[in-house]
Each structure stands twice: as C-alpha cells, then as structure tokens.
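Asker:
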Ligand code: GNR
Ligand code: NI
C-alpha cells in the first residue's frame, strides 16, 4: 500500500470531472486501498480520487469514532435528498481553513462497492455532509466555491504563499 499525494487548492487538476468506473479489476482495489491508507494517514473523514489526481468516480469515507468502519462508494448518485443544514467543513485539499456550508440534511445514495456490486445507503449528519462533499470533488467542485469570492480569494492568497514557500507546484 502507499500514501498518495493530495492536490491542494487552487490546483487546476482539482477541477477535473471524474469518469465512471466500468471495469472492476485489481487496479480499482489497489486505488481504493491506497486511498484508504492516505485518508487515515491524513486523518480525514473522507477522500475522493480527484484529490489524489485520479479522475475516476471513487470515494472512501470513515466517519466512525474508532476509524474502523470505512465505506467505499464507486459511481455514486444521489437519488433522494431533503432538508437543509449548515455545517462547518474542512478539506484536505484546502488545509487549515474551516467554513460553514449548506448541504441537504438527508440523502439516499446509490453506488457500487469495489467489486461492482450495487447498493443503496441513507445518510444524515456528518456522513451525509461528507458524501456530498466527496461527490462534489468528483465533479471538480470544492467547498470554497460556496463561499463569497472575497473569502475564496483570501484563502487562495494564503495558500499560494504557503505553496511558494514550500516550492510546491499547483499548476
Ligand atoms: O476530513 C474531512 N473533514 C470534513 C469535515 C467536514 C465536512 C467535510 C469533510 S471532508 C474532509 C476530508 C476531505 O477533504 N475530503 O474530500
Ligand atoms: Ni475535500
């Protein structure tokens, strides 16, 4: 297994729309395992393949307290949603920034597991927020897109400065 590099805002590669998985082979399983290892290493509650520069519709999540109940959603689709709630969000691709974002309160999602088997899941609370946040990544969207352009620019300026100091290329 390996820990993958996470792209950071404003990296343009985070704006790529991911493609559906059509073949469920060993490469998908390796990707899922590496994403799980990366998510746990970075202490995130979720990770989308887009964040590790793989533009396929794969998400891993673990919102459990003991970090031993992971979920893997491939080609996820929201089939029902209702309500609205505001939660403070962060993102491993926007390190160090936390802002309030509105999301649907309850969602019902259809997805496939790592073997291509379809399943449905209903979610509320942090799991619901996390699934919506990760699904946004697969469409090239980030939580900062929901903020005012003033806040988004301020975050960009601060991260640009850090990336410059680190000699990091964010394309
Ligand atoms: O670790 C994460 N925490 C989090 C908190 C509130 C709302 C969403 C998230 S997801 C984030 C990990 C991440 O960036 N996933 O894309
Ligand atoms: Ni994120």
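Residue numbers (the numbering used here): 17 to 187. In this text, a Cβ means the ideal position worked out from N, Cα and C, and glycines have one as well.
#1: Looking at the secondary structure, which residues open and close the beta strand (DSSP E) in which residue 118 lies?
#2: Assuming residue 89 and residue 127 make a contact with CB atoms under 8 Å, what is their CB distance in whole Å?
#3: Of the choices 48, 69, 66, 185, whose alpha-carbon is the least far from that of residue 130?
#4: Do you know offhand how far residue 106's Cα is from residue 70's?
#5: With a threshold of 16 other CB atoms inside 10 Å of the CB of residue 159, please say whether the residue is buried or exposed.
#6: Inspect the beta-carbon positions of residue 79 and residue 51 and report whether they are closer than 8 Å.
#7: Any heavy atom of the ligand GNR inside 7 Å of the beta-carbon of residue 103?
#8: Could you check the C-alpha separation between residue 143 and residue 110 for me, to the nearest Å?
#9: Closer than 6 Å between the C-beta and any heavy atom of the ligand GNR: which residues qualify, listed along the chain?
#10: Report back the beta-carbon spacing between residue 37 and residue 91 to the nearest angstrom; my notes put them in contact at under 8 Å.
#11: Identify the continuous beta strand (DSSP E) that holds residue 91 and give its terminal residues.
#12: What is the C-beta distance between residue 122 and residue 99, in whole angstroms, given that I count them as a contact (C-beta under 8 Å)?
#13: Of all the beta strand (DSSP E) runs that stay within the bounds of the segment 44-89, which reach a length of 3 or more residues?
#14: If I follow the unbroken beta strand (DSSP E) through residue 166, where does it start and stop?
#15: Based on the DSSP secondary-structure assignment, which residues constitute the bridge partners of residue 128?
#16: Within the same chain, show all residues whose beta-carbon is closer than 6 Å to that of residue 102, passing over the 5 residues directly before and after it, in chain order.
Answerer: So, to answer that:
#1: The count along the chain shown starts at 1 and reaches residue 118 at position 102. Start and end: 115-119.
#2: By 1-based counting over the chain shown, the position of residue 89 is 73. By 1-based counting over the chain shown, the position of residue 127 is 111. Indeed, because the Cβ distance is near 4 Å, the residues count as touching under 8 Å.
#3: In the chain shown, the residue the question calls residue 130 occupies position 114. Ranked by Cα distance from residue 130, the first of 48, 69, 66, 185 is 48.
#4: Taking the chain shown and counting its residues from 1, one reaches residue 106 at position 90. Taking the chain shown and counting its residues from 1, one reaches residue 70 at position 54. Roughly 21 Å separates the two Cα atoms.
#5: Along the chain shown, read from residue 1 onward, the residue named residue 159 stands at position 143. Taking all protein chains in view, the Cβ of residue 159 is crowded by 16 or more other Cβ atoms within 10 Å, so the residue is classified as buried.
#6: Translated into positions along the chain shown, residue 79 becomes position 63. Translated into positions along the chain shown, residue 51 becomes position 35. At a Cβ-Cβ threshold of 8 Å, residue 79 and residue 51 do not count as neighbours.
#7: Position 87 of the chain shown holds residue 103. Yes, since a heavy atom of the ligand GNR falls inside the 7 Å radius drawn around the Cβ of residue 103.
#8: For this step, residue 143 is matched to residue 127 along the chain shown. For this step, residue 110 is matched to residue 94 along the chain shown. Rounded to the nearest angstrom, the two C-alpha atoms are 20 Å apart.
#9: Those residues having their beta-carbon less than 6 Å away from any non-hydrogen atom of the ligand GNR are, in chain order, 60, 61, 62, 63, 64, 67, 105, 106, 107, 108, 109, 145, 146, 149, 150, 153.
#10: Here residue 37 refers to the residue found at position 21 when the chain shown is read from its first residue. Here residue 91 refers to the residue found at position 75 when the chain shown is read from its first residue. The pair is a contact, with the Cβ atoms about 6 Å apart (cut-off 8 Å).
#11: As a first step, residue 91 must be located in the chain shown, where it is residue number 75. Element bounds for residue 91: 87-98.
#12: Working through the chain shown from its first residue, we reach residue 122 at position 106. Working through the chain shown from its first residue, we reach residue 99 at position 83. 6 Å between Cβ atoms; contact.
#13: Fully enclosed beta strand (DSSP E) runs of 3 or longer: 62-64, 74-77.
#14: In the chain shown, counting from the first residue as 1, residue 166 sits at position 150. It is not in any beta strand (DSSP E) - residue 166 instead sits in the alpha helix (DSSP H) that spans 165-182.
#15: Here residue 128 is taken as the residue at index 112 of the chain shown, counted from 1. According to DSSP, residue 128 bridges with 90, 134.
#16: As a working mapping, residue 102 is identified with position 86 in the chain shown. Excluding positions up to five away in sequence, the list reads 116, 118.
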